[in-house]
Amino acid sequence: MRASMMTSMVVLTWGVFSTHGALAFDLDSLMAELAAHPGGRAEFVEKRYAALLDKPVVSKGEMTYTLPSRLEKITTEPKAESLVLEGDTLTLVRGPRKVTLTLASRPEARAFVESIRSTLSGNRLALEKNYTLQLSGQADDWRLVLTPTDAKILGLLKHIDVSGNGRQIRQLEYWQADDDRTVLQIKPIPSP
Amino acid sequence: MSRSWRVFLIWALAMALGIGVISQAHVTADMSFFLPSRPTAEQKVLVDQLKDGSVSRLLMLSMQGGDALQRAKASTALHDALLKTGQFLTVQNGSQVSLNQERDLLLLHRYLLSPTVNGERFSVKGLRESIAETVDVLTSPAGLLIKPFVTKDPTGELLSILSGLNPASQPPLEEGVWASRDGQRALLLLQTRALGSDMDGQEAAIETVKATFANGIAHQGFESLTLQMSGPGVFAVNARAAIKQEVARLFLMSSLAILILLWGVYRSPRLLLFGLMPVASAVVGGVVAVSWVFGTVFAITIGFGTSLVGEAVDYAIYYFLQSAHGGESAWRTRFWPTVRLGVLTTVFGFGALLFSSFPGLAQLGLHSLVGVVCAALVTRFVLPAVVGNRVRVPEPGRWGRFIANALRRCGVIKWPLLALTAVAFAYLVLHHGNLWTQNLSTLSSITAQEAALDARLRKDLGAPDARYLVVIQATNQEQALIGAERVAQRLDGLVQQGLIGGYDSPARFLPSEAEQQRRREALPTAAVLRERLAIALVDSPLSASRLEAFVEAVSAARSAPLMTRQDLDGSALSVAVDALLNSSKQEEGRGKLSEWTVLMPLWPGVDALNELSPTILKNVLAGTGALFIDRRDEFEALYGQYIAQARGLSLAGLLCIVALLAWSLRSVVKVAQVLWPLCSAVILVVAGLYASGVRLHLLHLIGLLLIFAVGSNYALFFVRGDKTSKMDDLALMSLVTACMTGAIGFGVLVFSSVPVLQAIGVTVAPGLILALILAAAWR
Chain A
1 MRASMMTSMV
11 VLTWGVFSTH
21 GALAFDLDSL
31 MAELAAHPGG
41 RAEFVEKRYA
51 ALLDKPVVSK
61 GEMTYTLPSR
71 LEKITTEPKA
81 ESLVLEGDTL
91 TLVRGPRKVT
101 LTLASRPEAR
111 AFVESIRSTL
121 SGNRLALEKN
131 YTLQLSGQAD
141 DWRLVLTPTD
151 AKILGLLKHI
161 DVSGNGRQIR
171 QLEYWQADDD
181 RTVLQIKPIP
191 SP
Chain B
1001 MSRSWRVFLI
1011 WALAMALGIG
1021 VISQAHVTAD
1031 MSFFLPSRPT
1041 AEQKVLVDQL
1051 KDGSVSRLLM
1061 LSMQGGDALQ
1071 RAKASTALHD
1081 ALLKTGQFLT
1091 VQNGSQVSLN
1101 QERDLLLLHR
1111 YLLSPTVNGE
1121 RFSVKGLRES
1131 IAETVDVLTS
1141 PAGLLIKPFV
1151 TKDPTGELLS
1161 ILSGLNPASQ
1171 PPLEEGVWAS
1181 RDGQRALLLL
1191 QTRALGSDMD
1201 GQEAAIETVK
1211 ATFANGIAHQ
1221 GFESLTLQMS
1231 GPGVFAVNAR
1241 AAIKQEVARL
1251 FLMSSLAILI
1261 LLWGVYRSPR
1271 LLLFGLMPVA
1281 SAVVGGVVAV
1291 SWVFGTVFAI
1301 TIGFGTSLVG
1311 EAVDYAIYYF
1321 LQSAHGGESA
1331 WRTRFWPTVR
1341 LGVLTTVFGF
1351 GALLFSSFPG
1361 LAQLGLHSLV
1371 GVVCAALVTR
1381 FVLPAVVGNR
1391 VRVPEPGRWG
1401 RFIANALRRC
1411 GVIKWPLLAL
1421 TAVAFAYLVL
1431 HHGNLWTQNL
1441 STLSSITAQE
1451 AALDARLRKD
1461 LGAPDARYLV
1471 VIQATNQEQA
1481 LIGAERVAQR
1491 LDGLVQQGLI
1501 GGYDSPARFL
1511 PSEAEQQRRR
1521 EALPTAAVLR
1531 ERLAIALVDS
1541 PLSASRLEAF
1551 VEAVSAARSA
1561 PLMTRQDLDG
1571 SALSVAVDAL
1581 LNSSKQEEGR
1591 GKLSEWTVLM
1601 PLWPGVDALN
1611 ELSPTILKNV
1621 LAGTGALFID
1631 RRDEFEALYG
1641 QYIAQARGLS
1651 LAGLLCIVAL
1661 LAWSLRSVVK
1671 VAQVLWPLCS
1681 AVILVVAGLY
1691 ASGVRLHLLH
1701 LIGLLLIFAV
1711 GSNYALFFVR
1721 GDKTSKMDDL
1731 ALMSLVTACM
1741 TGAIGFGVLV
1751 FSSVPVLQAI
1761 GVTVAPGLIL
1771 ALILAAAWR
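Protein chains in written order, with the working numbering: chain A, 1 to 192; chain B, 1001 to 1779.
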């Protein structure tokens, strides 16, 4: 009896300590770090893999994040294209064509866009509206997996893996339901 | 059988026949009341669209209350149930499932339908570019949508077809069905099978929606949901119901008031009853004439007829009161010529309206003219025979004598009345630019509440109001479609400049045979295509070896027959094509080939504030034979034309009256004595209306004409009365009674919620009273 109590004590204590150890880097502190990101410019390389394709489609360009809610993605290679998210409006310009989309009208698109924007701004509440979050790693090398909660979105998107160090996101990886995926690597451009 | 019975039976038989005709008459309440019968090409399109175009068959539904899930379930249930009734061509609520059939159809015929299919597209360079584009889409977040089709359609023809469709204004989805932007209402968009002009069909469709909704929510226990509905059909059906209901109510009101008044004068149920004979004759005769001449009777015409009661009852009053002292023969020599002249002035006044090219005006004119003539003839030939020489009317009592004396002494206020008229005239001259309203909507029966609901639903649904249209006419379907394709090429330029957001075309889903052939011939053989793919895709992530399904599809399309309209049967695409491509075969009998009409509604550009410039459109369309129509401008022009014509005709009617009076009275002074009180009354009425904030429109004008037509009777009695002897109390009483019944008959219209009828009421009722007082003053 005593022995078993001792064991539980030990287990409990260990449990307390181990949790305490992880507290040094948990979701809230990652979100706080991300929220402290001042915005700025970054180079990106995007590789898109599909089962139908023998090799990935690669594109390059620059991204700009301006607080609080403007995100710009300018692709320069292989074809010029721009994607601007401003508040609730997504504008896509490719060649002569310009498409404007209001996110409110497409819940799926909104969930998708929120994944980037809420991660960038460290808005845990907004993220948890659409995803369950799973964090691993340490502050200087973390990995956050977002899994959609809505069955309809899950039919399109399996999960999103975000990884980075400190407040800097380094890579976003979108896994579609059919295992086709897109990898977006980000390298910040130091502001002069 | 005595003579009086014989005459009465003949009259009763005629009435029964008339009522029989009326019961078969086709009554309508659509906008065509206000549309010209001999329209210009542009107006014809407008009229056809309003009557039977796809826009006129639109029903917009919104459900609110409950929670989003309940609304979505109710929306789906309503959608399925309504589709099953077969009363609707389309029922849309945003659920995606319903579009699979259309997508498959587009995919099947993609090489005949896609605007990008040409020789260049299937060259090595074209293949490389289009496939690279597809790969791009494939790997984007939207890729999931096209993944199943990539190997069959690597050049992306399905997307080419779809890219021309209106993407802008789809409502957001909530629980899988359309919802308003605030998420509080579920939305549905229906198109009735019944034409817009088929009022009974529209009414049945609306009832079906209401019943299905009530049934559905009761079944599912969603009692907290409410349904709102709008659309042209709803307006028309509501207007018809309102007029029907009002006609009955107003008729009852005015009849009751007039009967009470007449009882006070006659004190005889027999005379009261006989006095209604001319009235009934007028109403029945008027409607019978309209239904014979026009085929269709507008509900407003019948509503207008109720006011005629107040006028037609006059003749019996004149007869009973004026013949009381001298009997029938004395009346015939002394008073009948004056009554006859009064009838003639009315006939001349309204006769002018018969020449109107607007069926609404012409109907009002015919109805009044025939009604008045019927009433007068019945008074002259039927009434004396039936009533006999035994007309006993009590001598006027204290009140009667008082009113008669007051009328005799009206002369003292002659000069104050003149001064008042002069002031009113100056006031009108000062404001003459603002007297008339340019707004057509003042004529419609749509309430502000209905209009607000309609605007909200239209905004929620992004439903087209089709303000801008391009119209093409051709002798056969192929020529019509070729015309649409030629116009589309020019419109594409405007789309690129951002001047318009896009356009609809029937050729999008049913290209002309020439175009289909051209596209089919652009397709390479399997061997050539394989060869080109191998070269084009050397560096591509998508290897040529995966595209065997594509090669097979292209070679199958090379030998497939051309598409016809039948291929679209049963899908929403057929509705889209039929809405934009019409054939009218009415002219065939006269040796003219059947006419085909293509409608191409334009969507506003991104900057919706910018109105389209007709000049630019007309330049762009020059040489294609296509017409550009701005419905709002067209409407305003139409209304302007309407008013101008009505003014012209009223003036002509007035001149006829003057000529008639001059010929009959043969004295400038007497003509002036008749006309001046009427002119003065008209000036005072118009000034009074304007001062109380009313802006005149067409029906006020008709009202003014009525003041002239009816009021001239009073003035004539005074002028003619001079010749023989002083008017006795009974003769004066007859005028006062006639004026009162007129004022009551028209006065009840003031309470009408139908703007057209209300306008006549507020004009004529005060006008008649003024006319009598002024006529008495200037006697």
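Virtual Cβ for every residue (Gly too), placed ideally from N, Cα, C.
Everything numeric in this text was worked out from a predicted model, so none of it was measured.
| Item | Value |
| --- | --- |
| Can you tell me which of the three DSSP states Glu81 (chain A) falls into? | strand |
| Within the stretch 1692-1761 of chain B, note down every full alpha helix (DSSP H) run reaching 4 residues or more, in order along the chain. | 1698-1724, 1729-1747 |
| With 16 other CB atoms within 10 Å as the buried threshold, where does Arg1647 (chain B) fall? | exposed |
| Could you check which residue in B:Ser1667, B:Ser1650, B:Ser1664, B:Leu1655 has the C-alpha nearest to that of Leu1354 (chain B)? | B:Ser1650 |
| Which residues in the same chain as Asp179 (chain A) place their Cβ atom closer than 8 Å to its Cβ, once the five residues preceding and following it in sequence are excluded? | Ala51, Lys158 |
| So with CB distances below 7 Å, who are the chain A contacts of Ser1543 (chain B)? | Asp54 |
| I'd like to know if Asp1136 (chain B) contacts chain A, where contact means its C-beta is closer than 8 Å to some C-beta of that chain. | yes |
| Who does Ile1629 (chain B) pair with in a DSSP beta bridge? | B:Leu1469 |
| I want to see whether chain A comes within less than 8 Å of Val1781 (chain B), judged by CB atoms only; does it? | Since the first residue shown for chain B is 1001 and the last is 1779, residue 1781 (chain B) is missing from the structure and cannot be characterised. |
| Report the three-state DSSP secondary structure of His1026 (chain B) (helix, strand or coil). | strand |
| Between the alpha carbons of Glu81 (chain A) and Val1135 (chain B), how many angstroms are there, rounded? | 15 Å |
| For Ala126 (chain A), which of A:Gly137, A:Ser163, A:Glu114, A:Gly95 has the nearest alpha-carbon? | A:Glu114 |
| Quick check on the DSSP output: the beta strand (DSSP E) that includes Arg1456 (chain B) runs from which residue to which? | Arg1456 (chain B) -> not in any beta strand (DSSP E); alpha helix (DSSP H) instead, spanning 1448-1461. |
| Taking the straight line between their C-alpha atoms, what separation do you get for Leu23 (chain A) and Leu30 (chain A)? | For Leu23 (chain A), the predicted model reports a pLDDT of 45, less than 50, meaning its position is unreliable; a value from the coordinates is still stated below. Distance between the alpha carbons of Leu23 (chain A) and Leu30 (chain A): 11 Å. |
| Report the CB separation of Val1237 (chain B) from Glu1203 (chain B) in whole angstroms; it is logged as a contact under 8 Å. | 5 Å |
| Hey, quick one: how far does the beta strand (DSSP E) through Ala1229 (chain B) stretch, first residue to last? | Contrary to the premise, residue 1229 (chain B) reads as Met rather than Ala in this sequence. Segment 1226-1230, the beta strand (DSSP E) holding Met1229 (chain B). |
| Mapping DSSP to helix, strand and coil, what is Gly21 (chain A)? | Here Gly21 (chain A) scores only 40 on pLDDT, less than 50, and its place in the model is too uncertain to base an answer on. |
| Could you compute how far the alpha carbon of Leu1078 (chain B) sits from the alpha carbon of Val1343 (chain B)? | 58 Å |
| Could you check if Ser969 (chain B) is buried or exposed, using at least 16 other CB atoms within 10 Å of its CB as the buried criterion? | There is no way to answer for residue 969 (chain B), as the model of chain B reaches only from 1001 to 1779. |
| At least one CB of chain A closer than 8 Å to the CB of Leu1533 (chain B): is that the case? | no |
| Run through chain A and tell me which residues come within less than 8 Å of Leu1144 (chain B), C-beta to C-beta. | Leu156, Gln176, Ala177, Asp178 |
| Looking only at its own chain, which residues have a Cβ that is under 6 Å from the Cβ of Leu1187 (chain B), when we skip the five neighbours before and after it? | Ser1062, Pro1171, Trp1178, Asp1460, Leu1461 |
| Select from B:Gly1285, B:Leu1435, B:Gly1264, B:Leu1108 the residue whose C-alpha is nearest the C-alpha of Leu1017 (chain B). | B:Gly1285 |
| Determine the closest residue to Thr1597 (chain B) out of B:Ser1368, B:Leu1481, B:Arg1380, with distance taken between C-alpha atoms. | B:Leu1481 |
| Answer with buried or exposed for Thr1724 (chain B), where buried requires no fewer than 16 other C-beta atoms within 10 angstroms of its C-beta. | Any reading at Thr1724 (chain B) must be qualified, since the residue scores a pLDDT of 48, below 50, and its modelled position is unreliable; the value itself is stated next. Result: exposed. |
| Starting from the beta carbon of Thr119 (chain A), find every residue of chain B whose beta carbon is closer than 9 Å, and list them in chain order. | None at all; the shortest Cβ gap to chain B is about 16 Å. |
| Report, in whole angstroms, the separation of the C-beta atoms of Val162 (chain A) and Thr132 (chain A), which I expect to be a contact under 8 Å. | 14 Å between Cβ atoms; not a contact. |
| Check whether the stretch 1523-1543 of chain B touches the stretch 1653-1663 of chain B, counting contact only when three or more Cβ pairs, one atom from each stretch, lie closer than 8 Å. | no |
| Short check: CB of Thr1338 (chain B) to CB of Leu1660 (chain B), under 8 Å? | no |
| What whole-angstrom Cβ distance do Val1288 (chain B) and Gly1305 (chain B) have, given they're in contact under 8 Å? | Wrong, their Cβ atoms sit about 11 Å apart, outside the cutoff. |
| Exposed or buried, which one is Trp1011 (chain B) when buried takes at least 16 other CB atoms within 10 Å? | buried |
| Quick one: Cα of Gly21 (chain A) to Cα of Gln138 (chain A), how far? | Its pLDDT being 40, under 50, Gly21 (chain A) is placed unreliably by the model, and the measurement read from it follows with that caveat. When rounded, the distance between both Cα atoms is 11 Å. |
| Check whether the Cβ atoms of Leu1780 (chain B) and Thr1296 (chain B) lie closer than 8 Å to each other. | In the structure as shown, chain B starts at 1001 and stops at 1779, and residue 1780 (chain B) therefore has no counterpart that could be examined. |
| So His1431 (chain B) packs on Asp1728 (chain B), CB below 8 Å; how close in whole Å? | Not really, about 44 Å apart at Cβ, beyond 8 Å. |
| Quick one: measure Cβ to Cβ for Leu1735 (chain B) and Leu1772 (chain B), integer angstroms, because I've assumed they're closer than 8 Å. | 6 Å |
| If you follow the beta strand (DSSP E) that Asp161 (chain A) is in, where does it begin and where does it stop? | 157-165 |
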